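Chain order of the listed sequences is W and B.
In our numbering, each number is its position in the first sequence, counted from 1, plus 1.
In our numbering, each number is its position in the second sequence, counted from 1, plus 83.
Glycine included, each C-beta is placed from N, C-alpha and C at the ideal position.
As the structure is a computational prediction, the values presented were derived from the model and not from experiment.
Note sheet for the following structure.
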Amino acid sequence: MKATDLFRETGSALDSNRGRSLLTVLGIVIGIAAVIAMTALIDGIKYALVGQLGLNRARLVYIQCWTPYGSVSTADLDRWQQALPDYEYLTGASYGWGDMTAGTRSSSGQIMGTYPEFFDAMGIKLVEGRIYTDREVDRGSLVIVIDETIAKTLFGEGGAYVGRTVKIGSNEYSVIGVTEASGMTSNSSYMPFTTLNTRVNGYESMDQILGYARDGVDADALAEQTTAYLTSTYDIDEEQGNGYVYVYTMASITRQLDSTMMSFQLLMTSVASISLVVGGIGIMNMMLTNVTERIREIGLRKALGARSSDITKQFLLESVTLCIAGGIIGILAGYGGAWALAGAASNFAGIEGVAPIITANSVMLATGICVGIGIIFGYYPARRAAKLDPVESLRYQ
Amino acid sequence: MRPVIEVQGVHRIYETEAGYTHALRSVSLTVRRGEFLAIMGPSGSGKSTLMNILGCLDTPTAGTYRLEGLEVSSLDDDDLAEIRATRLGFVFQSFNLLPRATVLRNVMLPLVYSDVPAAEREMRAWKALTSVDLPEEYYEHKSNELSGGQMQRVAIARALVNDPALILADEPTGNLDTATGEMVLQTFARMKRRGKTIVLITHDADVASWADRVVHIRDGRLLTDEQERAYIARAERKGADA
Numbered sequence: 002m003k004a005t006d007l008f009r010e011t012g013s014a015l016d017s018n019r020g021r022s023l024l025t026v027l028g029i030v031i032g033i034a035a036v037i038a039m040t041a042l043i044d045g046i047k048y049a050l051v052g053q054l055g056l057n058r059a060r061l062v063y064i065q066c067w068t069p070y071g072s073v074s075t076a077d078l079d080r081w082q083q084a085l086p087d088y089e090y091l092t093g094a095s096y097g098w099g100d101m102t103a104g105t106r107s108s109s110g111q112i113m114g115t116y117p118e119f120f121d122a123m124g125i126k127l128v129e130g131r132i133y134t135d136r137e138v139d140r141g142s143l144v145i146v147i148d149e150t151i152a153k154t155l156f157g158e159g160g161a162y163v164g165r166t167v168k169i170g171s172n173e174y175s176v177i178g179v180t181e182a183s184g185m186t187s188n189s190s191y192m193p194f195t196t197l198n199t200r201v202n203g204y205e206s207m208d209q210i211l212g213y214a215r216d217g218v219d220a221d222a223l224a225e226q227t228t229a230y231l232t233s234t235y236d237i238d239e240e241q242g243n244g245y246v247y248v249y250t251m252a253s254i255t256r257q258l259d260s261t262m263m264s265f266q267l268l269m270t271s272v273a274s275i276s277l278v279v280g281g282i283g284i285m286n287m288m289l290t291n292v293t294e295r296i297r298e299i300g301l302r303k304a305l306g307a308r309s310s311d312i313t314k315q316f317l318l319e320s321v322t323l324c325i326a327g328g329i330i331g332i333l334a335g336y337g338g339a340w341a342l343a344g345a346a347s348n349f350a351g352i353e354g355v356a357p358i359i360t361a362n363s364v365m366l367a368t369g370i371c372v373g374i375g376i377i378f379g380y381y382p383a384r385r386a387a388k389l390d391p392v393e394s395l396r397y398q
Numbered sequence: 084m085r086p087v088i089e090v091q092g093v094h095r096i097y098e099t100e101a102g103y104t105h106a107l108r109s110v111s112l113t114v115r116r117g118e119f120l121a122i123m124g125p126s127g128s129g130k131s132t133l134m135n136i137l138g139c140l141d142t143p144t145a146g147t148y149r150l151e152g153l154e155v156s157s158l159d160d161d162d163l164a165e166i167r168a169t170r171l172g173f174v175f176q177s178f179n180l181l182p183r184a185t186v187l188r189n190v191m192l193p194l195v196y197s198d199v200p201a202a203e204r205e206m207r208a209w210k211a212l213t214s215v216d217l218p219e220e221y222y223e224h225k226s227n228e229l230s231g232g233q234m235q236r237v238a239i240a241r242a243l244v245n246d247p248a249l250i251l252a253d254e255p256t257g258n259l260d261t262a263t264g265e266m267v268l269q270t271f272a273r274m275k276r277r278g279k280t281i282v283l284i285t286h287d288a289d290v291a292s293w294a295d296r297v298v299h300i301r302d303g304r305l306l307t308d309e310q311e312r313a314y315i316a317r318a319e320r321k322g323a324d325a
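What follows is the structure in structure tokens.
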């Protein structure tokens, strides 16, 4: 029996059972959709993180430090920089909160007081204008950089936001730059470190310290070195309640994220495998019904000269084709589902900018799974069909 | 010329739960090329078993069966399948067409298993359908849209399509009324005139009368016409005595 004949026979057999075939593959559809949604989302999240932080992420060190003598100052950072030359720079930031108004519109949210380096370290990209200069930080200038989301809230669509004015408290700030609103930096605005502390917060604090390791320096090792330096310099003893120091790298966050993803992946994999097994059993059930219904046809084919292997092949190909059809529907459904999940994530968890990605690998994986299930669960019915005695099958009513 | 069928001392014993069933006892039969033979017998006489053995669907427990000189009783399943695909044509009582397939596809089905090139198949099916006098407008119809007589003629065309050495027909008129059955039998008679070898199995003496020769089967044994007459006479005497 030739391959083309095999495909033609399979096509017409499945075509005549279309409704039942569609219902039967539902389990496979769900299983494959889960696999695809999972891999597309995970790939999308990873891509969003890498894309956002760019190459910087591996060189970034986060430092949280509270000394027994109080908050860290900008002058302290200069001393650290000299003691730890592996840093290209260290830059501080403080957090504030304020209501921004422009005319009748308003937006409230977190405002960060930073130095110019902060934008580079965090990989924040400008879509319009510029960031503030060191001079503006020194002077405490009334300038602000806002992201696109806030810009649209305050000034509407249309761009050309630079030069507009926003009011926070009693002060007016002129917009000098607009940043891309993506991923986790959405709904953010930035002003010079000194401006935030003097005008908005009214006290000086440094809530976050970012270190940017020199090219080629191992960030994790530098983080350990930093912890040791800070502990000895400030006589920090966390157990005694004398300040604390916590240093971590982007790499360690990524690792943590990976383990979070792992549990998500594990959950989805178990959902997928359960429904794939259930789907496979459904396929087997339908194929067994098929064999019973077509006993006379099998007897006839054998009488006309079909070998047992021809019958096996025909029924195996039917179940594999069914599974692949289910897989194709599942891939489409999974991709749609991944977008829906990404949408839900941005609505409820505030994670934005995650675009699910379907790779050739995940499609190949899904197809492979389908072929495997088709063969595994189709084999028993196919063998049963092939083993039928032609004489008895022809007599079967 | 070598006979198409040479059966020598064939026994067929089935193992059932009730014990051994002797379906055929020392059956010997020779069918010449171009002969139209009818095998007659009541149900349970072993005629289906003989038909299955002649059709290479079953193998004898003992004895030899040569089909066109080829000893087939010792062949394995795949070789038997090949024999069926290339040398035998079957016509069944219940037609056994694929209901959702077209007439042409039904007729081409055996060619799928005998590796006839796809390009040649339609031509062959066309030829076979012409020889059974099925009007051309039915060729693209689904087989379940035809009448019983038409279906059986499609089935005969299917049996002819691979130009077999032997056509085996098992009660081909059993599901048809007398007039339609006659048309089908005329088709067989025409095949015979064209040199086909036909073995027809029936329990109906009128149907058997179309054949060149009739053999009877009783309790697994073949009887000639004379032996059959003697058998019936004996049975009638027994009936009269009782």
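query: Considering only the beta carbon of each residue, do W/Gly242 and W/Tyr235 sit closer than 8 Å?
result: Here residue 242 of chain W is taken as the residue at index 241 of the first sequence, counted from 1. Here residue 235 of chain W is taken as the residue at index 234 of the first sequence, counted from 1. Cβ atoms of W/Gly242 and W/Tyr235: not closer than 8 Å.
task: Check whether the Cβ atoms of B/Lys210 and B/Arg183 lie closer than 8 Å to each other.
output: Reading the second sequence from its first residue, position 127 is the one you call residue 210 of chain B. Reading the second sequence from its first residue, position 100 is the one you call residue 183 of chain B. No, the pair does not count as a contact, with Cβ atoms beyond the cut-off.
field: Residue span of the alpha helix (DSSP H) that contains W/Glu393, given as start and end
entry: One-based indexing of the first sequence puts residue 393 of chain W at position 392. Note, W/Glu393: alpha helix (DSSP H), 391-396.
- prompt: Do W/Tyr174 and W/Val167 come within 8 Å of each other at the CB atom, strictly closer than that value?
  reply: For this step, residue 167 of chain W is matched to residue 166 along the first sequence. For this step, residue 174 of chain W is matched to residue 173 along the first sequence. Against a cut-off of 8 Å, the Cβ pair of W/Tyr174 and W/Val167 comes out as a contact.
field: Neighbouring residues, chain B, relative to W/Cys13 (Cβ below 9 Å)
entry: Counting from one through the first sequence, the residue named residue 13 of chain W turns up at place 12. According to the sequence displayed, residue 13 of chain W carries Ser and not Cys. Near W/Ser13 (Cβ distances below 9 Å), the residues of chain B are Leu181, Arg183, Ala184, Arg188.
message: Is there a Cβ of chain B sitting closer than 8 Å to that of W/Leu323, yes or no?
response: By 1-based counting over the first sequence, the position of residue 323 of chain W is 322. By this cut-off, W/Leu323 is not an interface position.
- prompt: In or out: W/Leu318 buried (at least 16 other Cβ within 10 Å) or exposed?
  reply: Locating residue 318 of chain W in the first sequence gives position 317, counting from the first residue. W/Leu318 comes out buried.
- prompt: Taking the alpha carbon of W/Ala304 as the point to measure from, which residue in B/Phe173, B/Leu305, B/Leu268 has its own alpha carbon closest?
  reply: As a first step, residue 304 of chain W must be located in the first sequence, where it is residue number 303. Out of B/Phe173, B/Leu305, B/Leu268, B/Phe173 has the C-alpha closest to the C-alpha of W/Ala304.
message: Within 8 Å of any Cβ in chain W, is that where the Cβ of B/Glu98 sits?
response: Looking up residue 98 of chain B in the second sequence gives position 15. Not one chain W Cβ lies under 8 Å of B/Glu98.
field: Runs of beta strand (DSSP E) wholly within the region 141-200 of chain B (minimum 3 residues, chain order)
entry: 145-150, 171-174
- request: Per DSSP, which residues does W/Trp98 bridge with? Please list them.
  value: Residue 98 of chain W sits at position 97 when you count from the first residue of the first sequence. Its beta-bridge partners are W/Gln111.
query: B/Gly146 to B/Gly231, Cα distance in whole Å?
result: Within the second sequence, residue 146 of chain B is the residue found at index 63, counting from 1. Within the second sequence, residue 231 of chain B is the residue found at index 148, counting from 1. For B/Gly146 and B/Gly231, the distance between alpha carbons rounds to 38 Å.
Cβ of B/Asp160 within 8 Å of any chain W Cβ: What you label residue 160 of chain B is simply residue 77 of the second sequence in a count that begins at 1. With 8 Å as the cut-off, B/Asp160 counts as an interface residue toward chain W.
- request: Name the one or two DSSP bridge partners that W/Gly71 has.
  value: Sequence index remark: in the first sequence, residue 71 of chain W carries index 70 (1-based). W/Thr68.
Start and end residues, alpha helix (DSSP H) containing W/Leu318: Walking along the first sequence from the start, residue 318 of chain W turns up at place 317. Per DSSP, the unbroken alpha helix (DSSP H) holding W/Leu318 starts and ends at 309-345.
message: Tell me which residues share the same chain as B/Glu311 and place their Cβ nearer than 7 Å to its Cβ, disregarding the 5 neighbours each side in the sequence.
response: Along the second sequence, read from residue 1 onward, the residue named residue 311 of chain B stands at position 228. The answer, listed in chain order, is His299.
- request: Could you tell me which of B/Leu120, B/Arg296, B/Phe178, B/Pro218 sits nearest to B/Arg241, measuring between CA atoms?
  value: The residue given as residue 241 of chain B occupies position 158 in the second sequence. Answer by Cα proximity: B/Phe178.
- prompt: Hey, out of B/Gly117, B/Glu203, B/Val244, whose CA is closest to B/Met84's CA?
  reply: If you number the second sequence from 1, residue 84 of chain B lands on position 1. Checked all of B/Gly117, B/Glu203, B/Val244; the closest Cα to B/Met84 is B/Gly117.
- prompt: Is the Cβ of B/Glu165 closer than 8 Å to any Cβ of chain C?
  reply: Of the chains in the structure shown, none is chain C; the protein chains are W and B.
query: Would a check of beta-carbon distances place B/Tyr196 closer than 8 Å to chain W?
result: For the purposes of this step, residue 196 of chain B is identified with residue 113 of the second sequence, where counting begins at 1. Yes, B/Tyr196 counts as interfacial toward chain W.
- request: Identify every residue that forms a DSSP beta bridge with B/Phe119.
  value: If you number the second sequence from 1, residue 119 of chain B lands on position 36. In DSSP, B/Phe119 forms a bridge with B/Ile281.
- request: Tell whether a beta-carbon distance below 8 Å holds between W/Gly110 and W/Leu197.
  value: Position 109 of the first sequence, counted from the start, is the residue given in the question as residue 110 of chain W. Position 196 of the first sequence, counted from the start, is the residue given in the question as residue 197 of chain W. In this structure, W/Leu197 does not lie closer than 8 Å to W/Gly110 by Cβ.
Beta-bridge pairing of B/Ala101 - partner residues as DSSP gives them: Along the second sequence, one-based indexing puts residue 101 of chain B at 18. None; B/Ala101 has no bridge partner.
message: At the level of alpha carbons, what is the spacing between B/Ile166 and W/Gly306?
response: The count along the second sequence starts at 1 and reaches residue 166 of chain B at position 83. The count along the first sequence starts at 1 and reaches residue 306 of chain W at position 305. If I take the Cα positions, the gap works out to 7 Å.
task: Would you check if the distance between the CB atom of W/Ala273 and the CB atom of W/Ala35 is smaller than 8 Å?
output: As a working mapping, residue 273 of chain W is identified with position 272 in the first sequence. As a working mapping, residue 35 of chain W is identified with position 34 in the first sequence. It is a contact, given that the beta carbons lie within the stated cut-off.
message: Pull the bridge partners of W/Ser175 from the DSSP assignment, please.
response: For the purposes of this step, residue 175 of chain W is taken as the residue at position 174 of the first sequence. Looking at the DSSP assignment, W/Ser175 forms a beta bridge with W/Val144, W/Thr166.
- prompt: Buried or exposed: where does B/Arg320 fall if 16 or more other Cβ atoms within 10 Å of its Cβ makes it buried?
  reply: Position 237 of the second sequence holds residue 320 of chain B. Within a 10 Å sphere around the beta-carbon of B/Arg320 sit fewer than 16 other beta-carbons, which makes this residue exposed.
field: For W/Ile210, the residue or residues it bridges with in DSSP
entry: For the purposes of this step, residue 210 of chain W is taken as residue 209 along the first sequence, with counting starting at 1. Its beta-bridge partners are W/Ile64, W/Gly93.
- request: Pull up the CB-CB distance for B/Val114 and B/Val282, whole angstroms please, since I reckon it's below 8 Å.
  value: Translated into positions along the second sequence, residue 114 of chain B becomes position 31. Translated into positions along the second sequence, residue 282 of chain B becomes position 199. With 8 Å as the limit, B/Val114 and B/Val282 qualify as a contact, their Cβ atoms being about 6 Å apart.
With 16 other Cβ atoms within 10 Å as the buried cut-off, status of W/Phe194: Taking the first residue of the first sequence as 1, we reach residue 194 of chain W at position 193. Buried is the call here.
- request: Just the chain W side, please: which residues come within less than 9 Å of B/Ala201 by C-beta, in chain order?
  value: On the second sequence, residue 201 of chain B is found 118 positions in, with the first residue counted as 1. Lys3, Thr5, Asp6, listed in chain order.
- prompt: Which residue from W/Gly124, W/Ala84, W/Ile358, W/Thr68 puts its Cα closest to that of W/Ile46?
  reply: Taking the first sequence and counting its residues from 1, the one referred to as residue 46 of chain W is at position 45. Checking every option, the nearest Cα to that of W/Ile46 belongs to W/Ile358.
message: Relative to the C-alpha of B/His105, which candidate in B/Tyr314, B/Arg304, B/Glu309, B/Ala318 has its C-alpha closest?
response: Within the second sequence, residue 105 of chain B is the residue found at index 22, counting from 1. If we check each option's Cα against that of B/His105, B/Arg304 comes out closest.
field: Residue nearest to B/Gly74 in terms of C-alpha spacing, selected from B/Leu306, B/Gly322, B/Ala323
entry: Beyond the ends of chain B as shown, which are 84 and 325, falls residue 74 of chain B; an answer cannot be given.
Of the listed residues W/Ser276, W/Val279, W/Leu277, W/Met113, nearest to W/Arg200 (C-alpha basis): Here the question's residue 200 of chain W lines up with position 199 in the first sequence. Measuring from the Cα of W/Arg200, the nearest candidate turns out to be W/Met113.
task: Assign W/Asn291 to one of two classes, buried (16 or more other C-beta atoms within 10 Å of its C-beta) or exposed (fewer than that).
output: Within the first sequence, the letter at position 290 stands for residue 291 of chain W. Buried: at least 16 other Cβ atoms inside 10 Å.
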